[in-house]
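Note that full-length UniProt numbering has the sequence shown beginning at 1, numbered continuously upward.
Ideal Cβ placement from N, Cα and C applies to all residues, glycine included.
A short worksheet on the structure shown next.
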Amino acid sequence: MVDFFKRRVQPHRDSYEQFAYETEENHKSKLDLVRLSAVVCGIEFCYAAETAFVSPILLQLGLPVIFMTWIWCLPPLIGFFLVPILGSLSDKCNTRIGRRRPFIIIYSIGILIGLLLVANGRTIGQWFGDLNYTSLNQTSLPFLSHKVGTIITILGVILLDLDCDACQSPSRAYLLDVTNPDQQSLGLTTFTAMAGLGGSLGYFLGGIPWEKTALTRILGDHIHVLFTIVWMIYIICLMLTVTAAKEPTNIAIMAPYLNRSTSRQFLVSTYSINNFDEDIQQHDEHTLTTSNNMKISYMDYLRSIIYMPSSLKWLCLTNFFCWMAIVSYSLYFTDFVGQAVFGGNPKLGYEHPLRVLYNDGVRFGSWGMAIYSISCSIYSFNMQKLNNYFGIKRVYIGSQLIYAIGMLLMGYLRHRFAVIILSATAGILYSTLFTIPFLLISKYYASNTYGQTNTNGQIRGIGTDVAIVSSMVFLAQFCLSSTMGTFIHLANSTVMVTIVASILSICGAISATQFITFTVIINSQICEKTPQYGECSTNSACGCFHMIGTHDDTGVCGFLWPTCSRLVRCNSSDNSCLQPNTICVQHPQCEDYPVCYPVTMIDQNMCPPVKNKINLKWKQNAITVAGGTRGGQQLNQLGFPLGIFIDEKKNIFIADNANHRIVEWEYNAKEGQTIAGGNGQGNQMDQLDFPQVVLVDQQNHSIIITELRNRRVIQWLNQKQQILIDNIYCHQTVYVTDYNNGRVMKWKKDAKEGIVVAGGNGGGGNLNQLLYPHGVIVDHLGQVYVVDKGNNRVMRWCEGKEEGEIVVGGNGQGGEPDQLSDPTGLSFDDEENLYVADYSNNRIQKFEIIL
1 MVDFFKRRVQ PHRDSYEQFA YETEENHKSK LDLVRLSAVV CGIEFCYAAE TAFVSPILLQ
61 LGLPVIFMTW IWCLPPLIGF FLVPILGSLS DKCNTRIGRR RPFIIIYSIG ILIGLLLVAN
121 GRTIGQWFGD LNYTSLNQTS LPFLSHKVGT IITILGVILL DLDCDACQSP SRAYLLDVTN
181 PDQQSLGLTT FTAMAGLGGS LGYFLGGIPW EKTALTRILG DHIHVLFTIV WMIYIICLML
241 TVTAAKEPTN IAIMAPYLNR STSRQFLVST YSINNFDEDI QQHDEHTLTT SNNMKISYMD
301 YLRSIIYMPS SLKWLCLTNF FCWMAIVSYS LYFTDFVGQA VFGGNPKLGY EHPLRVLYND
361 GVRFGSWGMA IYSISCSIYS FNMQKLNNYF GIKRVYIGSQ LIYAIGMLLM GYLRHRFAVI
421 ILSATAGILY STLFTIPFLL ISKYYASNTY GQTNTNGQIR GIGTDVAIVS SMVFLAQFCL
481 SSTMGTFIHL ANSTVMVTIV ASILSICGAI SATQFITFTV IINSQICEKT PQYGECSTNS
541 ACGCFHMIGT HDDTGVCGFL WPTCSRLVRC NSSDNSCLQP NTICVQHPQC EDYPVCYPVT
601 MIDQNMCPPV KNKINLKWKQ NAITVAGGTR GGQQLNQLGF PLGIFIDEKK NIFIADNANH
661 RIVEWEYNAK EGQTIAGGNG QGNQMDQLDF PQVVLVDQQN HSIIITELRN RRVIQWLNQK
721 QQILIDNIYC HQTVYVTDYN NGRVMKWKKD AKEGIVVAGG NGGGGNLNQL LYPHGVIVDH
781 LGQVYVVDKG NNRVMRWCEG KEEGEIVVGG NGQGGEPDQL SDPTGLSFDD EENLYVADYS
841 NNRIQKFEII L
């Protein structure tokens with residue numbers, strides 16, 4: 001008979017269910033990811049209002065430009081020291097609503113207060129004695145006439161800018177906490193897309209002439225209308241995010257540590273930054289620390305910066321240059337358009353022609369920044385494809401060079417259309433800043449690079465490192481704001497904004513060249529000389545996945561049935577994987593091209609290595625585990641059993657041939673229960689006719705049965721039946737027991753003839769002969785276990801050997817514990833105990849393995 005299915009449909013459910021990667025509860029829909037990213041959309045609305053109108057507001061209050069740039073220094077100076085500390089505190093925060101959301105809410109309160117102060121600073125100042133200075137005869141606005149309003153506005157700017165920057169770290173960490181590793185790339189892409197959407201809509205709002213609408217009669221001038229709308233939008237976005245997902249409780253602050261074992265390890269190529277392999281050696285031998293026992297102090301945080309891994313240092317440096325380049329654009333762009341492109345002057349009276357021209361330029365600049373946000377959103381949706389095609393290194397460097405060229409052209413042309421078109425290059429860099437650095441961090445933690453305490457005593461958590469990398473925006477803004485005013489003053493032109501942005505972006509590209517390919521050590525086992533999907537583990541739900549760049553029949557042992565729709569193609573340029581915690585393998589049933597496979601499904605906890613089966617021995621006196629009484633139809637009886645199947649719980653599924661039914665005997669049960677057939681002999685869909693082979697597909701809880709008389713393969717699923725004759729699964733090679741010729745034949749796919757692998761010397765009882773062979777199983781070493789029915793024994797034939805060896809039976813026909821009578825089927829459990837269907841004795845015999 002043909003053993004189509006052995007070892008194919010025995011998934012290890014307990015192992016499968018322990019990984020959050022495949023559970024529906026933890027899988028996030030696209031709507032969930034949008035909600036988780038909604039808060040950054042609201043933040044970008046606030047950024048749009050801030051970057052487009054804060055500089056003009058301060059200049060219109062009479063603040064000198066050199067002092068205005070120093071105001072932008074205060075929020076990053078505070079944030080650089082404060083935000084990462086709060087990020088590390090969020091790693092160990094344990095409240096009823098989680099560890100990230102309390103910080104998101106606190107920062108959001110600061111954002112809302114900041115919006116109110118910036119929009120109403122002048123009005124509040126008038127309440128405290130500032131002059132309502134609206135004289136049309138003055139050509140400039142004196143600063144001292146608005147000193148209280150200026151101070152209130154500056155406080156609002158500091159609060160708004162600080163909290164907008166700070167809120168992104170816990171928001172991003174919240175997203176990474178509640179999403180599966182395979183979804184983090186999509187989650188960060190959604191995060192960036194929502195940022196682009198918020199920015200574009202925010203700048204569109206800024207470009208609308210609100211002073212010409214009826215809202216000004218209720219809310220005031222253009223600024224008041226805009227900031228009020230943004231204030232309400234932010235509250236909605238905040239509520240969408242904090243109610244999107246429940247945070248995991250008692251979560252370890254580090255990535256799970258992949259325990260070492262004595263089995264072989266393999267190397268997987270992917271991308272990171274310089275010296276990553278050295279970081280692994282420094283970190284991989286230390287213990288895991290959880291939120292339950294960690295105490296993080298200010299000195300711990302400082303040490304985490306001083307002694308950060310070299311790979312993280314390069315990432316911070318690159319992020320620093322990139323943020324300086326983008327901040328140069330975002331903070332001073334509308335002022336550049338108002339002065340350098342439109343030729344206006346913000347320091348003149350309200351109705352002075354040059355002041356009106358400047359205001360027109362500011363509004364026009366808002367449209368350019370809207371284009372920048374739209375391009376950010378569009379680019380983020382295509383970034384994963386670009387990373388897969390070009391590689392993360394080329395994308396990271398290329399985005400910075402594109403931005404540098406765009407800024408140089410903008411400063412050189414100083415044309416309105418150039419402002420609109422070239423603003424798109426800023427969106428490309430912004431999308432990159434929002435995605436690639438944090439995707440790399442999640443990759444590091446997924447591969448356990450930073451997931452331990454190092455020899456310097458520092459404690460690393462993903463929240464801390466996300467905050468440290470994010471804090472580069474504060475350092476960048478501080479350095480840029482403290483110098484940009486001087487550059488503009490010396491050059492006497494805002495064109496310096498674009499020149500400085502271009503130079504800084506080139507510096508970031510040079511820093512990004514330090515990114516190289518690295519190797520990650522992952523605890524799994526190599527399967528050599530094993531066919532695709534061949535047996536490689538004691539968990540029969542695992543199989544061998546061939547890897548790219550290895551010799552034929554070599555791969556890694558992994559779980560056979562992931563959700564194919566969640567696997568993405570490997571990077572076509574070098575067959576690497578951008579997704580964190582994945583490797584590149586062949587999986588033809590999911591995709592013709594190589595795909596990125598989750599590491600959690602190749603870990604030895606999922607796929608334990610097989611024992612050395614070459615010298616396995618079994619006790620010769622068997623235990624009867626089913627039947628054993630005289631043949632009959634009762635539930636404690638069997639009628640000439642044929643095929644058997646053992647699941648991971650050691651339950652026995654038996655093709656009860658003469659009773660035309662399938663019975664299940666639970667472990668240590670005294671009787672079985674009918675689970676298929678049992679309705680008399682026949683060919684109806686609820687009947688069986690001499691069932692031969694039974695297999696259980698526990699992935700979908702179905703039973704697969706072959707029948708002799710009806711000549712069909714049928715599937716029973718929840719008491720519903722369907723014929724599967726056109727859906728037989730085969731691992732490239734078929735082994736056939738040639739009953740009358742006394743041999744076992746191996747047929748490779750598309751072969752013209754078979755190969756004899758057991759017997760073939762005529763029927764008989766010698767070690768090189770078989771007599772009416774019946775059941776057969778082939779292990780991962782190519783050893784053939786065959787039921788030699790006519791000789792009442794089970795034999796093992798090693799590949800290339802002329803003779804087999806008797807493993808059980810062979811003591812004559814009979815009913816004693818060491819005898820068999822017309823055996824037909826065999827199976828192994830996960831401990832390698834051998835089960836034999838003893839046909840004429842109407843029993844199932846268990847031969848225990850000798851350890």
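Along the alpha helix (DSSP H) that carries residue i, what are the first and last residues, could you check?
i	result
isoleucine 208	Neither: isoleucine 208 is in no alpha helix (DSSP H) and is coded neither H nor E.
glutamine 692	It is not in any alpha helix (DSSP H) - glutamine 692 instead sits in the beta strand (DSSP E) that spans 691–697.
glycine 406	392–413
glutamine 60	38–60
lysine 313	310–336
Give every residue of the same chain whose Cβ lies closer than 8 Å to the Cβ of residue i, excluding the five residues on either side of it in the sequence, and list them in chain order.
i	result
leucine 112	Trp231, Tyr234 and Ile235
proline 608	Ser537, Thr538 and Asn539
isoleucine 104	Val39, Cys167, Pro170, Ser171, Tyr174, Leu238, Thr241 and Val242
alanine 491	none
Below 8 Å on the Cβ atoms is my guess for residue i versus residue j; work out the distance and round it to an integer in Å.
i	j	result
glutamate 411	tyrosine 372	Per the sequence shown, residue 411 should be read as glycine rather than glutamate. Their Cβ separation, rounded to whole angstroms, is 16 Å, which puts glycine 411 and tyrosine 372 out of contact at 8 Å.
serine 366	phenylalanine 80	Rounded, the Cβ-Cβ distance is 29 Å, inconsistent with contact.
serine 171	valine 34	13 Å between Cβ atoms; not a contact.
phenylalanine 54	valine 157	The amino acid at residue 54 is misidentified as phenylalanine; the sequence shows valine. 6 Å between Cβ atoms; contact.
valine 696	isoleucine 703	6 Å
Within its chain, find whatever has a CB closer than 7 Å to the CB of residue i; leave out the 5 residues flanking it on each side and keep chain order.
i	result
arginine 709	Asp689 and Phe690
isoleucine 850	Lys617, Trp618 and Lys619
Can you find the residues in the same chain that come closer than 6 Å, C-beta to C-beta, to residue i, ignoring five residues on each side of it along the sequence?
i	result
asparagine 727	Since pLDDT at asparagine 727 reaches only 43, below the 50 mark, its modelled position is unreliable, and the value read off the structure follows with that caveat. None.
arginine 363	Gly207
aspartate 829	Ile646 and Lys650
asparagine 842	Gly627, Gly631 and Leu638
Taking the alpha-carbon positions, what's the residue i to residue j distance?
i	j	result
arginine 566	asparagine 180	11 Å
serine 399	valine 736	58 Å
alanine 476	methionine 324	5 Å
lysine 385	glutamine 183	15 Å
valine 585	cysteine 316	32 Å
leucine 115	cysteine 46	8 Å
aspartate 161	alanine 509	27 Å
glutamate 664	cysteine 542	24 Å
threonine 334	valine 178	38 Å
glycine 202	leucine 175	23 Å
alanine 49	serine 90	29 Å
alanine 512	alanine 52	30 Å
threonine 498	serine 311	30 Å
glycine 98	proline 562	30 Å
alanine 245	threonine 190	16 Å
glycine 628	valine 713	28 Å
proline 437	lysine 393	11 Å
tyrosine 533	valine 757	21 Å
valine 640	isoleucine 623	According to the sequence displayed, residue 640 carries phenylalanine and not valine. So the two alpha carbons sit approximately 18 Å from each other.
proline 75	histidine 701	59 Å
serine 576	isoleucine 405	29 Å
threonine 582	threonine 432	21 Å
valine 495	isoleucine 488	8 Å
If you follow the beta strand (DSSP E) that residue i is part of, which residue opens it and which one closes it?
i	result
methionine 745	743–748
alanine 119	No beta strand (DSSP E) holds alanine 119; the alpha helix (DSSP H) holding it covers 101–127.
tyrosine 785	784–788
serine 702	702–707
threonine 624	623–627
tryptophan 665	661–665
serine 576	Neither: serine 576 is in no beta strand (DSSP E) and is coded neither H nor E.
cysteine 93	Where cysteine 93 is concerned, there is no enclosing beta strand (DSSP E), given that its DSSP letter is neither H nor E.
Tell me, please, whether the segment 590–601 touches the segment 562–570 by the rule of three or more beta-carbon pairs shorter than 8 Å.
yes
I'd like to know if the segment 69–83 and the segment 217–230 are in contact, where contact means that at least 3 CB-CB pairs between them fall below 8 Å.
no
Contact between the segment 106–124 and the segment 91–98 is defined here as three or more beta-carbon pairs at a separation below 8 Å; is this criterion met?
no
Does the segment 760–777 come within contact of the segment 736–752, defined as at least 3 CB pairs closer than 8 Å?
yes
On the three-pair Cβ rule with 8 Å, is the segment 320–339 touching the segment 423–439?
yes
Any contact of the segment 785–794 with the segment 806–817, i.e. 3+ C-beta pairs under 8 Å?
yes
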